[in-house]
Structures are given as C-alpha cells and as structure tokens.
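Asker:
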Amino acid sequence: MRRAPARIAADLRLRPGDTALRLERVREFAGRPAVHQVSWVRRPVADQLRERDFTAVSLYTALADAGVTVARASEVVRPGLLDPAAARHLHEPPGSPVLVSTRITYTLDATPVVSDHATILGSMMEIRTERAATGLSLTWGATS
Numbered sequence: 001m002r003r004a005p006a007r008i009a010a011d012l013r014l015r016p017g018d019t020a021l022r023l024e025r026v027r028e029f030a031g032r033p034a035v036h037q038v039s040w041v042r043r044p045v046a047d048q049l050r051e052r053d054f055t056a057v058s059l060y061t062a063l064a065d066a067g068v069t070v071a072r073a074s075e076v077v078r079p080g081l082l083d084p085a086a087a088r089h090l091h092e093p094p095g096s097p098v099l100v101s102t103r104i105t106y107t108l109d110a111t112p113v114v115s116d117h118a119t120i121l122g123s124m125m126e127i128r129t130e131r132a133a134t135g136l137s138l139t140w141g142a143t144s
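For the record, in the sequence shown the residue sitting at position 117 is 117 according to our numbering, with numbers rising by one throughout.
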C-alpha cells in the first residue's frame, strides 16, 4: 500500500494521507508493449487484492472474485505525448504521440473503487464504436 497522491485521493474520494494499492502493468499486443497502465485501488478492497498475481488475472476479475460488483466507469481518452517514464516501459522515444486514458470505476453504490491512468501507443491500439439509437458499444483492440 502506498499513500495516494492528491489527484488519486480526489478521484477515489479518500482523505488526505490515506493509502491505496498501486498496480503498474504493461500490456502487450503481438509480443510488443502497447499500453502502460497505473491503477490505484481503494481500501478495503485493495487489502483483498494485494496478493493476486496480475500477470495471470485481470483487475476486473480480481475485483469480482473479491465480491466487488462494478456498475460503471467514466473514461476520458485524450491525445498526448509519451513521457520519459512510460517511454522506458513501452520502448518508444519520449515525445511520441500517444493516447492517454483516465478512468474511474464505480461500484453499485457509486463508490469510486479504481482510478486508472493508461498511456496507449496510437500505432498499436485503436478504439472502435458501434452506435445505435438505444446504446453504444465501445471496444479497444490492436490496430488492424
């Protein structure tokens, strides 16, 4: 557990000084790093996830296994430039164009449970939507 930075504490509605579980992952597609993601999970859920092997199980599966029902997520995807820290993980030069996703995931009672920040190589990933009068389907995947 780590002390949550101010932005994360605000996202997760934590008190100043509260701790949360920080997960840092690199997702690969076609054997190449494509996404650098840092997720923060609030307590007490975080306490149940600390020992999980996130190379073998997804965060959302681990949440479900811990009895957490995810109701919704709010996500913003913006263009950005690859910062030096993420560049080391993604093996691309700093300043390369990327997509930056910030997402907050909520439980059924509207409690924010996860705050995510993902840096996505635009050359590796695409976002597809299917729109209809009654809804929207959004999928992420490797570029074709």
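From the three backbone atoms N, C-alpha and C, an ideal C-beta is built for every residue, glycine too.
(1) Alpha carbon to alpha carbon, how far is Ser101 from His117?
(2) On the three-pair Cβ rule with 8 Å, is the segment 68 to 86 touching the segment 107 to 121?
(3) So, helix, strand or coil for Thr69, using DSSP?
(4) When you compare the CB positions of Arg13 and Pro112, do they come within less than 8 Å of one another, or not?
(5) Helix or strand or just coil, what does DSSP make of His89?
(6) Express the C-alpha separation of Gln37 and Ile120 in angstroms, rounding to a whole number.
(7) Quick check for students: name the residue ranges of the beta strand (DSSP E) that lie wholly in the segment 80 to 127, counting only runs of 3 or more.
(8) Between the C-alpha atoms of Pro33 and Ser123, what's the straight-line distance to the nearest angstrom?
(9) Would you decide whether Ile127 is buried or exposed? Buried here means 16 or more other CB atoms lie within 10 Å of its CB.
(10) Let me make sure I understand the geometry here. Which of Glu75, Pro84, Ala9 has the alpha-carbon closest to that of Val41?
Answerer: In short:
(1) 6 Å
(2) yes
(3) It is coil, neither helix nor strand.
(4) yes
(5) helix
(6) 8 Å
(7) 97 to 107, 112 to 121
(8) 11 Å
(9) exposed
(10) The shortest C-alpha separation from Val41 is found at Ala9.
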